[in-house]
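Trainee:
In UniProt numbering, the protein residues as written are 1 to 149.
1) Please confirm whether residue 112 and residue 97 have their CB atoms less than 8 Å apart.
2) Take residue 25 as the anchor and find which of 9, 39 and 35 has the nearest alpha-carbon.
3) How many Å lie between residue 85 and residue 140 at the Cα?
4) Quick check on the burial criterion: 16 or more other C-beta atoms within 10 angstroms. Buried or exposed for residue 90?
5) Going along the chain, which residues of its own chain have a beta-carbon closer than 6 Å to the beta-carbon of residue 125, five neighbours each way excluded?
6) Would you decide whether residue 142 is buried or exposed? Buried here means 16 or more other CB atoms lie within 10 Å of its CB.
7) Going by other Cβ atoms of all chains shown within 10 Å of its Cβ, with 16 needed for buried, is residue 79 buried or exposed?
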């Protein structure tokens with residue numbers, strides 16, 4: 001959090017204390033936590049309540065379940081197989097077509113950016129021509145990667 005935001009919040013807390021507006025003081029003190037929870041919801045972090053039964057009484061425990069980008073071993077193996085299949089399929093393309101597919105599909109480059117790169121490093125090519133090469137390359141890759149759909 002920036003210093004300006006922190007200073008502004010502290011100033012508002014002091015003003016609310018002077019005005020004896022305790023609801024506003026509570027809201028401002030909890031605002032940072034509320035913002036963090038909102039960010040967590042946006043990034044798919046979940047809070048889970050779990051009830052644990054013991055001999056004497058039930059006890060509710062609250063803990064965080066964090067969305068993890070870590071893959072389990074099976075998912076990692078499947079992903080690596082897919083990457084290998086994509087590498088093998090791209091090897092069937094010409095060098096230029098392979099670079100076009102890499103830039104557009106994998107890196108998210110636009111046709112115009114890709115055309116500039118191809119023109120600088122290989123041969124003169126317009127963005128319309130790049131789009132044509134890209135579409136033809138995808139049609140060629142589709143049957144090779146059909147098993148991974």
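Beta carbons are placed, not taken as given, at the ideal position from N, Cα and C, and that holds for glycine.
Just so we're clear, the structure is a prediction, and the values are computed from it rather than from any experiment.
Mentor: From the atom records:
1) No, Cβ-Cβ distance for residue 112 and residue 97 is not below 8 Å.
2) Residue 9 holds the alpha-carbon nearest to the alpha-carbon of residue 25 among 9, 39 and 35.
3) Looking at the two C-alpha atoms, the distance is approximately 14 Å.
4) Buried is the call here.
5) Excluding positions up to five away in sequence, the list reads 115, 118 and 119.
6) The residue in question, residue 142, is exposed, as its Cβ has fewer than 16 Cβ neighbours within 10 Å.
7) Residue 79 should be labelled exposed.
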